[in-house]
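Visitor:
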């Protein structure tokens with residue numbers, strides 16, 4: 003399976019999950035007599051769609067390919083932070099939910115920064131010949 007097909011599959015799967023969870027979250031909040039903030043839920047849905055659609059835009063506009071693993075990590079974090087955390091009220095159900103999310107995001111940010119730095123600097127190093135390459139290898 004090609005990288006493009008994997009990326010499309012990841013995007014479709016997460017879009018489907020988001021589409022399914024949106025009405026379930028509304029039903030959950032109505033059935034538990036929670037105050038529904040319609041404007042926030044609609045904003046969450048729009049931002050989720052925007053993030054899913056930003057990946058093809060980055061590829062087409064700037065020739066930046068986001069790997070399927072990175073897509074899965076980013077979209078999963080949105081799922082557990084926004085949908086589980088706010089829409090399904092995990093912030094109140096699990097007292098340390100915010101601490102857990104900040105801990106996970108530290109790993110995500112480090113991983114993404116590593117990939118960005120690796121891709122930027124390794125391309126530059128491979129294009130140059132000289133002392134720097136011999137020191138690193």
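In the working numbering, the protein residues as written are 3 to 139. For glycine and all other residues, C-beta sits at the position ideal for the given N, C-alpha and C.
1) Between which two residues does the alpha helix (DSSP H) carrying residue 38 extend?
2) So, using beta-carbon positions, are residue 19 and residue 81 closer together than 8 Å?
3) By the DSSP assignment, the alpha helix (DSSP H) with residue 96 in it spans what residues?
4) Could you spell out where the alpha helix (DSSP H) holding residue 80 opens and where it closes?
5) What is the DSSP secondary structure of residue 9, counted as helix, strand or coil?
6) Using the Cβ count rule (16 or more neighbours within 10 Å means buried), how would you classify residue 105?
7) Do the CB positions of residue 89 and residue 27 come within less than 8 Å of each other?
8) How big is the Cα-Cα spacing for residue 55 and residue 110?
9) Using alpha carbons as the reference points, say which of 95, 68 and 8 lies closest to residue 118.
10) Put residue 24 into one of helix, strand or coil per three-state DSSP.
11) Using the Cβ count rule (16 or more neighbours within 10 Å means buried), how would you classify residue 57?
Guide: So, from the data block:
1) Here the question's residue 38 lines up with position 36 in the chain shown. Element bounds for residue 38: n/a, residue is neither H nor E.
2) Taking the first residue of the chain shown as 1, we reach residue 19 at position 17. Taking the first residue of the chain shown as 1, we reach residue 81 at position 79. A contact, by the Cβ cut-off of 8 Å.
3) Working through the chain shown from its first residue, we reach residue 96 at position 94. Note, residue 96: premise wrong, no alpha helix (DSSP H); not H, not E.
4) The residue you call residue 80 lines up with position 78 of the chain shown. For residue 80, the uninterrupted alpha helix (DSSP H) run begins and ends at 70 to 80, by DSSP.
5) Residue 9 sits at position 7 when you count from the first residue of the chain shown. DSSP places residue 9 in helix when its eight states are reduced to three.
6) One-based indexing of the chain shown puts residue 105 at position 103. Classification for residue 105: exposed.
7) Numbered from 1 along the chain shown, position 87 holds the residue referred to as residue 89. Numbered from 1 along the chain shown, position 25 holds the residue referred to as residue 27. Closer than 8 Å, so yes.
8) The residue you call residue 55 lines up with position 53 of the chain shown. The residue you call residue 110 lines up with position 108 of the chain shown. Cα-Cα distance, rounded: 20 Å.
9) Residue numbering aside, residue 118 sits at position 116 when the chain shown is read from its first letter. The option with the nearest alpha carbon to residue 118 is 68.
10) Here residue 24 refers to the residue found at position 22 when the chain shown is read from its first residue. If DSSP states are grouped into helix, strand and coil, residue 24 belongs with the helices.
11) Translated into the one-based positions of the chain shown, residue 57 becomes position 55. By the neighbour-count rule (16 or more Cβ atoms within 10 Å), residue 57 is buried.
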